[in-house]
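Each step along the sequence shown adds one to the number in the UniProt record's numbering, with nothing skipped, and position 273 is 273.
The beta-carbon is built from N, C-alpha and C at its ideal position, and this holds for glycine as well.
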Amino acid sequence: ETEPLTSKKDVSDCNEGEDCKENRLLRNPKSALRLVEDGNKVHPSQGDKGEAAQISNGYSGVQNSVPCNGMGEVEDAQCTAPAATTTTTTTTSTTCGAEGQQQLMELEDRETWSKKIDFLLSVIGYAVDLGNVWRFPYICYQNGGGAFLIPYTIMAIFGGIPLFYMELALGQYHRNGCISIWRKICPIFKGIGFAICIIDLYVASYYNTIMAWAFYYLVSSFTAELPWTSCTNAWNTGNCTNYFSKDNVSWSPHSISPAEEFYTRQVLQVHRSDGLDDLGGISWQLTLCLLLIFTIVYFSIWKGVKTSGKVVWVTATFPYIILFILLVRGATLPGAWRGVLYYVKPDWQKLLATEVWVDAAAQIFFSLGPGFGVLLAYASYNKFHNNCYQDALVTSSVNCATSFVSGFVIFTVLGYMAEMRNEDVSEVAKDAGPSLLFITYAEAIANMPASTFFAIIFFLMLLTLGLDSTFAGLEGVITGILDEFPHVWSKRRELFVLGLIIICFLGSLATLTFGGAYVVKLFEEYATGPAVLTVVFLEAVAVAWFYGITQFCNDVKEMLGFTPGWYWRVCWVAISPIFLLFVTCSFLSNPPELRLFDYNYPYWTTVVGYCIGTSSIICIPIYMVYRLIITPGTLKERILKSITPETATEIPFGDIRMNAV
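Next comes the structure, spelled out in structure tokens:
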């Protein structure tokens, strides 16, 4: 007991010499140390897992036995080590097949971030995306201005940040992607991982199209006169009204700004489509833009986090430089104060409306982004004792602050627009979503001094905001698949990433048609919203109620050295699931009525939207049924085995990696 656990004598006691390496690491999962109860042949209960036996180096090992096949049989291959106490016996069990290969890959080939700042910038770049620039300002002024910050902050504290912290801790502790991690938590919920991958593919199929629009604007900005400043172009109609011209013009209800016609008739060309019934042909200009974007994405992520961690130094920091420049420029424009006042002036009566709280909950959830497998993937490349608690607080705070500051960037310009039109800010701020950026803000930039310069940096900012979010979303899929099938793809990452990029590009073709904007709107509202909410709700339930909040907190203590307090426990067990259930039920009970430009979506599109959303989360019940069918034993035994972790998690104890569940 007085000898350190990491001494060479400990290692030399192994029955099979090839398992004991010169660096005193048990590299082969067949000989990994595990602490089990003497004679125990089945998995312990969830409560038993939390009981730890003290080891001489001060760490605790969790009592558990992990079978080769995950069904309860314990193999006889053992590797003995000096007893840490007189009440425990140190044994091992073999791990076979793909599971054994996976554990071996985790120990030997798992890469880590080059620097801590690479991880932080990647997470910030993922969380801070295009939605921070257009969605938050719009929702804020729509729901009471400054008063909206109260429900927003409450929802962040009790819902968004706890879920954000939970995913970072899970990924860092278990060091697995969104699919294989469930073997270590609650195997019957493994379908969550497959659902996440499908959702990420849906997002990639429309999100990058929005970046293609921004790229088209960027290329069009390299002119002395921006093409959306006049009504003399081939795509303009008789309703085009340029109220920024030197001539005195009147703004009528039928007037259309040159910026709106450039967006709808030149970039999107929606006038050549009759709606979702007839999408029309594919825009070759947008196709080329999207192809270039996917090329950039491929060469940024094909080698893993070692390369993407360097790219985000540009894509995550550049937007903040541009936001600062645009904020200073916007503050100096005439009428800017009108926009700021409209943005922050509180309307306390709005707080009595349920819709405001639903919007606050949805905004903080989709802004921080749990449920897409990205936080699990990124955190899995951290060092085991990295302070993910601090990371969660820092990155979520930066994200929320960015959203709030972006509102000033947008509304100073809207105030300027209202001043020029001689209208109220509410009339100018009618556009929501991408239209707020591509019509309203683009028009304001076009009529500033040095408009070409500001247009170039603005659309560059949109591109960089979107790129690192795309890196993250695809990395969630890549890590999930590679960790689940290491024997197939571990040495072929570049080829797998190429295939994934091609699939995403082909899946985006419908959004590149003349009616592609209608498809983007449909996917944005239905393909991700309710599906991701359902996924994260089940994830929170599986971790807090099945895996066990006590066990999860013990895992966090192993990493950080302290146990999460009662606030975090209450949030994970009750408040966060209720928060998710509240938002999901509100969405399902009041589905959005879709409208884009002058096109009202027909009723059947709602059915199609729900079918798209269901196509991902259907993986969860299907896998549950499959799991129960393939598991031997009575129904009760099948359920118990299906909710019991079947694969050990490698935990570093000094120079030895201990297996614990």
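Within 7 Å, strictly: CB atoms of residue i and residue j
| i | j | result |
| --- | --- | --- |
| asparagine 382 | glutamine 172 | yes |
| phenylalanine 459 | tyrosine 217 | yes |
| alanine 531 | serine 616 | yes |
| glutamate 167 | leucine 376 | yes |
| glutamate 443 | alanine 259 | yes |
| leucine 474 | valine 536 | no |
| tyrosine 263 | isoleucine 439 | yes |
| phenylalanine 294 | phenylalanine 505 | yes |
| alanine 527 | valine 374 | no |
| arginine 272 | tryptophan 235 | no |
| alanine 127 | glycine 369 | yes |
Same chain only: Cβ atoms within 7 Å of residue i, ignoring 5 sequence neighbours per side
| i | result |
| --- | --- |
| tyrosine 152 | Ala360, Gln363 and Ile364 |
| cysteine 400 | Ala156 |
| isoleucine 622 | Gly191 |
| lysine 521 | Leu594 and Leu596 |
CA-to-CA distance, residue j to residue i, given in whole angstroms
| i | j | result |
| --- | --- | --- |
| phenylalanine 587 | threonine 534 | 11 Å |
| threonine 644 | threonine 550 | 15 Å |
| glycine 433 | asparagine 387 | 36 Å |
| alanine 392 | tyrosine 165 | 5 Å |
| isoleucine 150 | valine 488 | 50 Å |
| leucine 163 | threonine 229 | 45 Å |
| residue 675 | threonine 452 | Since the first and last residues shown for the chain are 1 and 661, residue 675 lies out of range. |
| serine 576 | glycine 565 | 15 Å |
| arginine 492 | valine 314 | 27 Å |
| aspartate 129 | tyrosine 389 | 22 Å |
| aspartate 274 | arginine 338 | 38 Å |
| phenylalanine 408 | leucine 327 | 7 Å |
| glycine 238 | leucine 226 | 20 Å |
| alanine 353 | serine 589 | 16 Å |
| cysteine 231 | glycine 146 | 38 Å |
| threonine 395 | valine 340 | 26 Å |
| glutamate 355 | aspartate 598 | 25 Å |
| arginine 135 | serine 403 | 9 Å |
| tyrosine 601 | alanine 517 | 12 Å |
| proline 449 | histidine 254 | 28 Å |
| asparagine 447 | methionine 559 | 54 Å |
| leucine 538 | valine 583 | 14 Å |
Residue i classed as buried or exposed, judged by whether at least 16 other C-beta atoms fall within 10 angstroms
| i | result |
| --- | --- |
| glycine 480 | buried |
| isoleucine 117 | exposed |
| leucine 498 | exposed |
| isoleucine 196 | buried |
| glutamate 593 | exposed |
| serine 60 | Below a pLDDT of 50, predicted positions are generally treated as unreliable, and serine 60, at 36, falls in that range; no measurement from the model is reported. |
| threonine 412 | buried |
| alanine 455 | buried |
| alanine 429 | buried |
| lysine 21 | With a pLDDT of only 38 at lysine 21, under the threshold of 50, the placement of this residue in the model should not be trusted; the figure read from the coordinates follows. It is exposed - the Cβ of lysine 21 has fewer than 16 other Cβ atoms within 10 Å. |
| isoleucine 630 | exposed |
| phenylalanine 215 | buried |
| tryptophan 348 | exposed |
| valine 358 | buried |
| threonine 647 | buried |
| leucine 291 | exposed |
| leucine 35 | Residue placement at leucine 35 cannot be trusted, given a pLDDT of 35 that sits under 50; what the coordinates show is reported in the next sentence. Looking at its Cβ environment, which holds 16 or more other Cβ atoms inside 10 Å, leucine 35 is buried. |
| aspartate 48 | At aspartate 48 the pLDDT is 41, less than 50, meaning the model places this residue with poor confidence; the figure from the coordinates comes in the next sentence. Exposed. |
| leucine 26 | Caution is warranted here: a pLDDT of 38 is assigned to leucine 26, below 50, making its placement in the model unreliable, and the coordinate value is therefore given only provisionally. So leucine 26 counts as buried. |
| arginine 175 | buried |
Minimum Cβ-Cβ distance from residue i to chain C less than 7 Å
| i | result |
| --- | --- |
| serine 397 | No chain C is present in this structure, which holds just one protein chain. |
Close-in-space but distant-in-sequence residues of the same chain around residue i (CB under 6 Å, 5 per side omitted)
| i | result |
| --- | --- |
| valine 133 | Ser406 |
| glycine 507 | Ser205 |
| threonine 513 | Leu279, Gly280 and Ile282 |
| threonine 464 | Thr315, Phe318 and Pro319 |
| cysteine 553 | Thr563 and Pro564 |
| isoleucine 198 | Ser616 |
| residue 662 | Outside the shown range of the chain (1 to 661) lies residue 662, about which nothing can therefore be said. |
| glutamate 419 | Pro334 and Gly335 |
| glycine 542 | Checking the sequence, you will find alanine at residue 542 rather than glycine. So the qualifying residues of the chain are Cys186 and Phe189. |
Beta bridge counterpart(s) of residue i as assigned by DSSP
| i | result |
| --- | --- |
| glycine 275 | Asp278 |
| tyrosine 599 | Leu596 |
| isoleucine 256 | Cys240 |
| threonine 513 | Ile282 |
Beta-carbon proximity list for residue i, same chain, < 8 Å, skipping 5 on both sides
| i | result |
| --- | --- |
| leucine 628 | Ile188, Leu635, Arg638, Ile639 and Ser642 |
| tyrosine 547 | Gln46, Ile185, Cys186 and Pro645 |
| leucine 482 | Gly177, Trp489, Ser490, Arg493 and Phe496 |
Contact test: residue i Cβ vs the ligand COA heavy atom, cutoff 6 Å
| i | result |
| --- | --- |
| glycine 275 | What this structure holds is no ligand at all, so the ligand COA is not there to describe. |
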